[in-house]
Amino acid sequence: MNEIKAKDFKNMVNTGRKRLDDNAEYVNSLNVFPVPDGDTGTNMNLTFSTGTESVNESQSDQVGDLAKSLSKGLLMGARGNSGVILSQLFRGFSKAVEDKETLSVQDFADAFKAGVDSAYNAVMKPVEGTVLTVAREAAEAGLEAAQSQKDIIGLMEAVLEQGKASLKKTPDLLPVLKEVGVVDSGGQGLIYIYEGFLSALTGEEIVEDDNKADLDQLIKAEHQQSGVHDAVKSEDIQYGYCTEIMVRIGEGRTVDSEFDYDEFRSYLDGLGDSLLVVADDEIIKVHVHTETPGEVMNYGQKFGSLIKIKVDNMREQHSQLSGGSSAGQDGSAKAQEKKDLAVVAVAAGEGVADLFRSIGVDCVLTGGQTMNPSTQDLVKALDQVPADNYIILPNNKNIFMSAKQAVDVASANVKVVESRTIQQGLSAMLGYDPNQNLEANAEAMAEESSYVVSGEITSATRDTEINGVAIKKDDYMGIVDGDIVLAKSDLEDCLQATIQSMLEEDSEIITIIYGEGIDQDTAQATIDRLVEAFPDYEIESHQGDQPVYPYLISVE
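Letter by letter, the sequence shown follows residues 635 to 1190 of my numbering.
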């Protein structure tokens, strides 16, 4: 096989997606911490599935076009750091083959290398022993094989073989992996995709492991949607039709204008809000909320043929979701006032969401450690509150990269305050002043978030030893600023010991947020014991309803 044609590439993507889908739960199980929040497989699977859908929607018979579709789908569907890195790997791949109808052996090898370069450039501090290492060494093997290899299948075999060898070495490069006895989860996910690629090229089936993930259980659509609908009422929707079109530039009988991105975007901006325009030399993809979807379509036809149209009545959708009527009591719809600055936070647990709303957050997107929102989810959350400027509080380091990609594609000015925990996000809001501008608020909020010490209590999913802490399955673990510091069999003992480890000379306030499964009576009894154990500190408590963590702790 001396070239990859469009049908081959589409088959590779679909088979890679299935291979990853079949093993997403296993990839989740490789997460380093024995915390019930393994989500690398879920994030990579949902990200790659979105890219696959984009490829399948394309009617192109050129590999370069299909690679662009894959890249765009991955960009908007990217979830968590692993998903964002995956999207960058295929963004670079796409750029390298954008003008190719078919791929030769050398084209294929060069594309893998370009993907690695793109991914490394996207990560501020690349860490070896991760998916980046696996991708890089696999691509290097591909380049070397291309010097003598004339067979596409042979090249893919070389890439996969080295990728697997590199994956096996990840524990030697990253001590925490060796300590726990696992390989890198992101690297394993990439290997599953590459195995799918090879299977598609050879036509040989892969013997499946009996560990297929049930995506409905791993992550549900409600995780991304609940909490958003409460931010706006049906009658408050100013532009009622969510309109999406895809235009093939220069094609069709209605073309009478040459496409200019800035001019095109400026015109559509006057027809509504929540505008997103993605374009390259062949395709324009538009998302806009408007009252005149027909005008959007007519304008698009000035530049090319419409190859995809989607229009949703958002007032009707919202009415059905909320169980109310689509109009106000007087039968009219009123516009939601546009703000200068709005804050969007990511959080899990209705009580935690209420805490954020009570201190000034405009929209809370449900998500967190086990349910990382995608780039597109974050952009949609921004759309819920009309504003000229936004601040995103991700409240989880695994959401940073998706949030930063949302900054790149959002139609407004957006800054990310890199809050790593719910506690840091709440603390950051102490620095929020709606009368100040975007830059001043982002700086003040980042400073405030640095003052809090964050603690979490959760239970272990397996026996292991990390940082010298021996952990048994079902033990309760105390985690302080991301590090497991102790493990105990009793929840109350673990809570008190973790708080003790967090206290510093100038500490004054201890705040406890209790999660789902902890009723108010139990919580109050716990607080009473803490008041007795720590008489020199002010102790506050809140019902958070958060999953995974029975208690979140902050010390200031």
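Just so it is clear, CB atoms sit at the ideal spot from N, CA and C, and this is done for glycine as well. Since we're looking at a predicted model, the values are computed, not measured.
Check whether residue i and residue j have beta carbons under 7 Å apart
| i | j | result |
| --- | --- | --- |
| G763 | L808 | yes |
| G815 | V768 | no |
| L777 | Q783 | no |
| I1118 | I1091 | no |
| G685 | A658 | no |
| F785 | M635 | Per the sequence shown, the amino acid found at residue 785 is Asp instead of Phe. Cβ distance < 7 Å, so D785 and M635 count as in contact. |
| V1013 | A982 | no |
| L654 | Y826 | yes |
| S1061 | V1087 | no |
| G837 | G650 | no |
| N677 | S721 | no |
| K747 | D741 | no |
| V1103 | I1056 | no |
| K706 | S694 | no |
| S939 | G886 | yes |
| G934 | V922 | no |
| L999 | A1015 | yes |
| I941 | M1035 | no |
| L1064 | L975 | no |
| M1111 | A1094 | yes |
| I638 | V718 | no |
Residue i, DSSP secondary structure in three states
| i | result |
| --- | --- |
| N1032 | helix |
| N947 | strand |
| P830 | It is worth fixing the name first, because residue 830 is Gly in this sequence and not Pro. Helix, per DSSP. |
| Y754 | helix |
| T888 | coil |
| Y1066 | coil |
| N1006 | coil |
| T736 | coil |
| A1080 | helix |
| K973 | strand |
| N1023 | strand |
| E1099 | strand |
| D1124 | coil |
| K747 | helix |
| D996 | coil |
Buried/exposed call for residue i, threshold 16 Cβ in 10 Å
| i | result |
| --- | --- |
| I1143 | exposed |
| S1053 | buried |
| A865 | Residue confidence for A865 is low, a pLDDT of 37 falling below 50, so the modelled location carries little weight; the figure read from the coordinates is stated next. It counts as buried. |
| I943 | exposed |
| N1006 | buried |
| A640 | buried |
| A701 | buried |
| R770 | buried |
| S1084 | exposed |
| H857 | Any reading at H857 must be qualified, since the residue scores a pLDDT of 28, below 50, and its modelled position is unreliable; the value itself is stated next. Buried, because 16 or more other Cβ atoms sit within 10 Å of the Cβ of H857. |
| Q1003 | buried |
| E1082 | buried |
| K759 | exposed |
| A775 | buried |
| R1096 | exposed |
| A799 | exposed |
| V817 | buried |
| N845 | In this prediction, N845 has a pLDDT of 34, which is less than 50 and means its spatial position is unreliable; what the coordinates show is noted afterwards. By the neighbour-count rule (16 or more Cβ atoms within 10 Å), N845 is not buried but exposed. |
| D1017 | buried |
| Q1158 | exposed |
| Q1039 | buried |
| V1189 | buried |
Residue range of the unbroken alpha helix (DSSP H) whose run includes residue i
| i | result |
| --- | --- |
| S721 | G714 to V731 |
| M1111 | Not the alpha helix (DSSP H): M1111 falls in the beta strand (DSSP E), residues Y1110 to V1114. |
| K652 | A640 to D656 |
| A1044 | Neither: A1044 is in no alpha helix (DSSP H) and is coded neither H nor E. |
| I1161 | Q1154 to A1167 |
| V697 | V697 to G711 |
| A987 | E984 to S992 |
| K802 | I786 to L807 |
| T674 | T674 to E691 |
Residue span of the beta strand (DSSP E) that contains residue i, given as start and end
| i | result |
| --- | --- |
| Q1177 | E1172 to Q1177 |
| S1088 | V1087 to S1093 |
| S1188 | Y1185 to V1189 |
| E878 | Y875 to I883 |
| A773 | Taken as a continuous stretch (DSSP letters only), A773 belongs to no beta strand (DSSP E), being part of the alpha helix (DSSP H) at V765 to A780. |
| V1103 | V1103 to I1105 |
| E929 | Not the beta strand (DSSP E): E929 falls in the alpha helix (DSSP H), residues P927 to Q935. |
CB contact check: residue i to chain D, cutoff 7 Å
| i | result |
| --- | --- |
| V661 | No chain D appears in the structure shown, which is made up of a single protein chain. |
Nearest-angstrom beta carbon gap, residue j and residue i [assumed within contact, 8 Å]
| i | j | result |
| --- | --- | --- |
| T1009 | A756 | Not confirmed; about 13 Å, so no contact. |
| G1178 | G1149 | 6 Å |
| Y1066 | V977 | 7 Å |
| G749 | L709 | With 8 Å as the limit, G749 and L709 do not qualify as a contact, their Cβ atoms being about 13 Å apart. |
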